[in-house]
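Note sheet for the following structure.
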Amino acid sequence: VVVVYKLDRLTRSMRDFPVLIDFLAQHKVTLVCITENFSTKDAVGRMTLNMMMTFAQFERELAVDRVRDKMLASKKKGLWMHGIPPLGYDVKDRRLVINHAEAAQVRMIFRRLIETESILTVVNDMRGLGYQSKSWTTRDDKVREPQPHDRSTIQKILHNRTYLGELEHLDQYFKECHPPIIEVAVWGQVHAMLGKN
């Protein structure tokens, strides 16, 4: 016997449900739902079950749409919705505010790339100065320890449009959401260089 509290706790996919029911039937397993009465022994019971699954999938898709719409509306207002902010920013009242010590590090990374035209040199410079990735404490007091910069963290910083004061949602960018750390001209210069490489 497989016991579920509600049918939508088992699955909410109309595509997966018949396969799952067939699999249970092949292995002589009975499906029992604590809060919903149904029987798969007759045509009416199977039809009822399919209708219940249709509504469960519909409810899940509506919830996904609502979350997507809420994220979009929040980002248009400039609210931070991502969890850990990027190096150079802290979160205050759900908005990004500049962390000046970290912002100086971000500006130096962009400036050094323009001067040296080498990501490897930038990585070595940042390590030599003792610069590290962001330290962050979650709401439940888990600490994300800072790590020395490597090629990957430098690349992420150089490609993060948040430093222009923008917030990203899927393939859209919303401008002037928070104070920028990097000027548009500096961003353009760096990305022209990255494009050549």
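Residue numbers for the sequence shown follow our numbering, beginning at 96 and rising by one.
Glycine is no exception: its CB is placed at the ideal position from the N, C-alpha and C atoms.
Computed from a predicted model, the values in this text were never measured in an experiment.
- Note that the region 224-234 does not touch the region 162-173; fewer than 3 beta-carbon pairs, one per stretch, sit closer than 8 Å.
- Counting only runs of at least 3 residues, the region 168-197 fully encloses the following beta strand (DSSP E) elements, listed from N- to C-terminal order: 184-187, 190-193.
- Per DSSP, the unbroken alpha helix (DSSP H) holding Gln284 starts and ends at 279-291.
- Tyr100 carries a coil assignment under DSSP once its states are collapsed to helix, strand and coil.
- Inclusion of Ala151 and Leu102 in the CB contact set at 8 Å is warranted, their separation being smaller than that value.
- In the same chain as Trp282, and ignoring 5 residues on each side of it, the C-beta atoms closer than 7 Å to its own belong to Leu259, in chain order.
- Your pair Val99 and Leu119 does not check out as a contact, with CB atoms roughly 11 Å apart and the cut at 8 Å.
- A distance below 7 Å between beta-carbons, with the five flanking residues on each side excluded, links Arg189 to the following residues of its chain, in chain order: Leu174, Trp175.
- Per the C-alpha coordinates, the member of Thr257, Ser213, Asp266, Leu262 positioned closest to Lys291 is Ser213.
- Using a Cβ-Cβ distance cut-off of 8 Å, the region 272-279 and the region 207-227 are not in contact, since fewer than three pairs of beta carbons, one from each stretch, lie closer than that value.
- Taking Val186 as the centre and dropping the five residues before and after it, the same chain places the C-beta of Trp175, Pro180 closer than 6 Å to its C-beta, in chain order.
- About 6 Å separates the beta carbons of Tyr226 and His244, which is inside the 8 Å limit, making them a contact pair.
- Residue range 126-128 is occupied by the beta strand (DSSP E) that includes Val127.
- With a cutoff of 8 Å on beta-carbon distance, Glu131 and Met109 are scored as not near each other.
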